[in-house]
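*Asks:* My questions all concern the structure below.
In the working numbering, the protein residues as written are 6 to 190.
This is how it looks when you write it as structure tokens:
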């Protein structure tokens, strides 16, 4: 077994982008994103968490009470983070079905309705020096929102969880990288 410290990656920086469904999706880790993708700005120091939650039921044989098979009944992929840059695109994403309106010069309003279904496309770029990991979610939705705290001791943060649904090819996401370590040695 060969251990290579050069293959250890850290998510030094990156950005989460959002676009309407049907937007042209990326084709590599460093291809230009369609202009419809909008960056959601700074993420808290905790970064972005990718999670996979599977429900598996073990099937047990009568003989020897042995597990003979496992059946996956549910599989969910999510991306979660706290966005800390207050801007219109983020506020509209955080409040599904809302839209920023101009009231007058220098004045805006956001009416917050009961949330509606608001599926979109997402791209997460994770950068470590010259190495890029791009996670392309072709069909996702903010399905969980955390509390917003207004306090003088902390930034205003918008906690979101994006649930990744299968795209037209059945993929929850497509991952791209320019990292040679992804290849076979």
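Each residue gets a CB set at the ideal place from its N, CA and C atoms; glycine is no exception.
Checking 9 Å against the spacing of the C-beta atoms, do residue 64 and residue 74 come in under that value?
*Replies:* For residue 64 and residue 74, yes; Cβs fall inside 9 Å.
*Asks:* Considering only their Cβ atoms, is the gap separating residue 98 from residue 125 smaller than 9 Å?
*Replies:* For residue 125 and residue 98, yes; Cβs fall inside 9 Å.
*Asks:* Along the chain, where does the beta strand (DSSP E) containing residue 96 start, and where does it finish?
*Replies:* First-last for residue 96: 93-99, but that is the alpha helix (DSSP H), not the beta strand (DSSP E).
*Asks:* Quick check on the DSSP output: the beta strand (DSSP E) that includes residue 144 runs from which residue to which?
*Replies:* 136-150 is the extent of the beta strand (DSSP E) around residue 144.
*Asks:* Does DSSP classify residue 156 as helix, strand or coil?
*Replies:* Correct three-state label for residue 156: coil.
*Asks:* Which of the three DSSP states is assigned to residue 67 in this structure?
*Replies:* The answer is coil: DSSP assigns residue 67 none of H, G, I, E or B.
*Asks:* Taking the beta strand (DSSP E) that residue 85 falls in, what are its first and last residues?
*Replies:* 72-88 is the extent of the beta strand (DSSP E) around residue 85.
*Asks:* Below 8 Å on the Cβ atoms is my guess for residue 36 versus residue 183; work out the distance and round it to an integer in Å.
*Replies:* So it is not a contact: roughly 11 Å between Cβ atoms.
*Asks:* Ignore the nearest five residues each way along the sequence and tell me which others in residue 61's own chain have a CB closer than 6 Å to its CB.
*Replies:* Closer than 6 Å at Cβ, skipping near neighbours: 75, 77.
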